[in-house]
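A.B. asks: Here's a structure for you.
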Amino acid sequence: MSINAREVSKLFNSSKLSALADGDYSFVEKVASDLKGANYRSYTPAAIYESAYLLMQKEYRAEYYFKNTIANKILLGRHSLNTAVMLSEYRAGRSKADCVVVNGKTTCYEIKTEFDNLTRLEEQLKDYLALFDEVFVVCSSKHLSTVLSKVDNRVGVIELNSRNSLSVKREALQRKENIDVDLMIGSLRKDEYTRLIEKVTGEIPDVPNSLLVSTCRTILKQAEPNILATSFIDVLKEKRFNDASLINALPKVLVNAAISYQFSKKQSDSLKRIFNSSFKESQCICHTLEGNSLN
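Under my numbering, read the sequence shown as residues 147 to 441, first letter to last.
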């Protein structure tokens, strides 16, 4: 095998999956040939991705691997897509939370792999603690002792251990302070914060667009904290739901991709077909669809 785990991990990039959905099999076939040899076409694309994931598990547990583990073991393992959503790279102040699981509360998971440093961790956690109900750092064994000794004691600590299990080393403490409204408003899109203000007050302020953000901020700072926190959760679940049909159609190694990446309807449908057929079948389908689109 001439390909390494880091190169193989590119299979799970947004750009490579989008290219595959658009009918470009070149990189997948390159990896498949290296992993399985000349008879790789006897395997399904799903089997190739699963083999690639196993190689990553052994040799290159980077951010994608951590996120996918959280998605499978926490979002799907503890919760249900009917009652919970997972957000990826969610903005909080000057930081972006790697994963946020929203069910009856907001739980932030900040990832630190063995390839990461801890330079900005304190600053990141400060933002997360002001916005989310619970905050965890999910780290490799390399960072475990440092994280346990250095981070705020309100922050929970989880190790992704050598058995690829999520081992809780310290539980997170529930946020007691009121949510930071400035951080909340900054984390939401216009349709989300107007929906939030509507849920809290029963109406959307009738003001010019130039005054809408500041007006909403002023009103929300006066809202009852528990109602605000509950409404924030409701809006996130309403506006940022996960695509359950895509998640259920893809292999478990691609759950995070279905959550974290933005695919068009056409690309999503294509990925569902590709990962539920053989190489030959999926390529024939893609060529047929391309031909039909030209007619």
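Note that beta-carbon positions come from the ideal geometry of N, C-alpha and C, so glycine has one too.
Put F282 into one of helix, strand or coil per three-state DSSP.
C.D. replies: Here residue 282 refers to the residue found at position 136 when the sequence shown is read from its first residue. In the structure shown, F282 sits in a strand (DSSP, three-state: E or B).
A.B. asks: Quick check on E305: does DSSP put it in helix, strand or coil?
C.D. replies: Here residue 305 is taken as the residue at index 159 of the sequence shown, counted from 1. Three-state DSSP puts E305 in a strand.
A.B. asks: Could you tell me whether the segment 331-346 touches the segment 307-322, using the rule of 3 or more Cβ pairs below 8 Å?
C.D. replies: no
A.B. asks: Quick check: the Cα distance between L435 and A178, rounded to an integer number of angstroms?
C.D. replies: Position 289 of the sequence shown, counting from 1, holds the residue named residue 435. Position 32 of the sequence shown, counting from 1, holds the residue named residue 178. Per-residue confidence for L435 stands at a pLDDT of 46, beneath the threshold of 50, marking its modelled position as unreliable; no derived number is given.
A.B. asks: Quick test of your reading: S377 and L329, contact by CB under 8 Å. State the CB separation rounded to the nearest angstrom.
C.D. replies: Here the question's residue 377 lines up with position 231 in the sequence shown. Here the question's residue 329 lines up with position 183 in the sequence shown. Contact doesn't hold; Cβ gap of about 15 Å is too wide.
A.B. asks: Would the beta-carbon of Q320 be found less than 8 Å away from any heavy atom of the ligand GTP?
C.D. replies: With respect to the ligand GTP, the structure shown offers nothing to examine, as it has no ligands at all.
A.B. asks: From the DSSP output, read off the bridge partner residues of K115.
C.D. replies: No information on residue 115 is available, as it lies outside the stretch 147 to 441 that the chain covers here.
A.B. asks: For R266, does the count of other Cβ atoms within 10 angstroms reach 16, so buried, or fall short, so exposed?
C.D. replies: Stepping through the sequence shown from its first residue, residue 266 is reached at position 120. That one is exposed.
A.B. asks: Under the three-state reduction of DSSP, which class applies to I257: helix, strand or coil?
C.D. replies: Mapped onto the sequence shown, residue 257 falls at position 111. The answer is strand: DSSP assigns I257 an E or B state.
A.B. asks: Return the residue from the list K345, G239, V154 that minimises the CA-CA distance to Y206.
C.D. replies: Your numbering for residue 206 matches position 60 in the sequence shown. Of K345, G239, V154, the residue nearest in Cα terms is V154.
A.B. asks: Looking at V399: is its Cβ nearer than 9 Å to the Cβ of L222?
C.D. replies: Numbered from 1 along the sequence shown, position 253 holds the residue referred to as residue 399. Numbered from 1 along the sequence shown, position 76 holds the residue referred to as residue 222. Going by C-beta atoms, V399 is not nearer than 9 Å to L222.
A.B. asks: Report all residues from its chain with a CB closer than 8 Å to the CB of R240; omit the five preceding and five following residues, and keep chain order.
C.D. replies: As a position in the sequence shown, residue 240 is number 94, starting the count at 1. In the same chain as R240, and ignoring 5 residues on each side of it, the C-beta atoms closer than 8 Å to its own belong to E269, D273, in chain order.
A.B. asks: In three-state terms, what does DSSP make of S391?
C.D. replies: As a position in the sequence shown, residue 391 is number 245, starting the count at 1. If DSSP states are grouped into helix, strand and coil, S391 belongs with the helices.
A.B. asks: Once the 5 residues before and after A230 are set aside, which same chain residues still bring their CB inside 7 Å of it?
C.D. replies: Taking the sequence shown and counting its residues from 1, the one referred to as residue 230 is at position 84. Within the same chain, A230 has close Cβ partners L221, V247, V248, N249.
A.B. asks: Whole angstroms are fine: how far does the CA of D180 sit from the CA of N394?
C.D. replies: If you number the sequence shown from 1, residue 394 lands on position 248. If you number the sequence shown from 1, residue 180 lands on position 34. Approximately 28 Å between the Cα atoms of the pair.
A.B. asks: If you reduce the DSSP assignment to three classes, tell me which class V293 lands in.
C.D. replies: Sequence index remark: in the sequence shown, residue 293 carries index 147 (1-based). Residue state, collapsed to three classes: helix.
A.B. asks: Using alpha carbons as the reference points, say which of Q408, C245, D415 lies closest to N461.
C.D. replies: Beyond the ends of the chain as shown, which are 147 and 441, falls residue 461; an answer cannot be given.
A.B. asks: Okay, do the segment 298-311 and the segment 281-289 touch, 3+ Cβ pairs below 8 Å being the bar?
C.D. replies: yes
A.B. asks: If the criterion is Cβ atoms closer than 9 Å, does the pair L271 and I325 meet it?
C.D. replies: Within the sequence shown, residue 271 is the residue found at index 125, counting from 1. Within the sequence shown, residue 325 is the residue found at index 179, counting from 1. It is not a contact, given that the beta carbons lie outside the stated cut-off.
A.B. asks: Would you be able to state if there are at least three C-beta pairs under 8 Å between the segment 383-397 and the segment 414-427?
C.D. replies: Counting Cβ pairs under 8 Å, three or more are found: they touch.
A.B. asks: Just tell me which of D262, A217, Q368 has its CA closest to the CA of A208.
C.D. replies: Position 62 of the sequence shown, counted from the start, is the residue given in the question as residue 208. The shortest C-alpha to C-alpha distance from A208 to any of D262, A217, Q368 is the one to D262.
A.B. asks: Rounded to the nearest angstrom, what separates Y186 and D298 at their Cα positions?
C.D. replies: In the sequence shown, residue 186 corresponds to position 40, counting from 1. In the sequence shown, residue 298 corresponds to position 152, counting from 1. The straight-line gap from Cα to Cα measures roughly 49 Å.
A.B. asks: Quick one: what does DSSP say R419 is sitting in, helix, strand or coil?
C.D. replies: In the sequence shown, counting from the first residue as 1, residue 419 sits at position 273. Three-state DSSP puts R419 in a helix.
A.B. asks: Would P354 be called buried (16 or more neighbouring beta carbons within 10 Å of its own) or exposed?
C.D. replies: Translated into positions along the sequence shown, residue 354 becomes position 208. When all chains shown are included, P354 counts as exposed.
A.B. asks: Quick one: what does DSSP say R266 is sitting in, helix, strand or coil?
C.D. replies: Taking the first residue of the sequence shown as 1, we reach residue 266 at position 120. DSSP places R266 in coil when its eight states are reduced to three.
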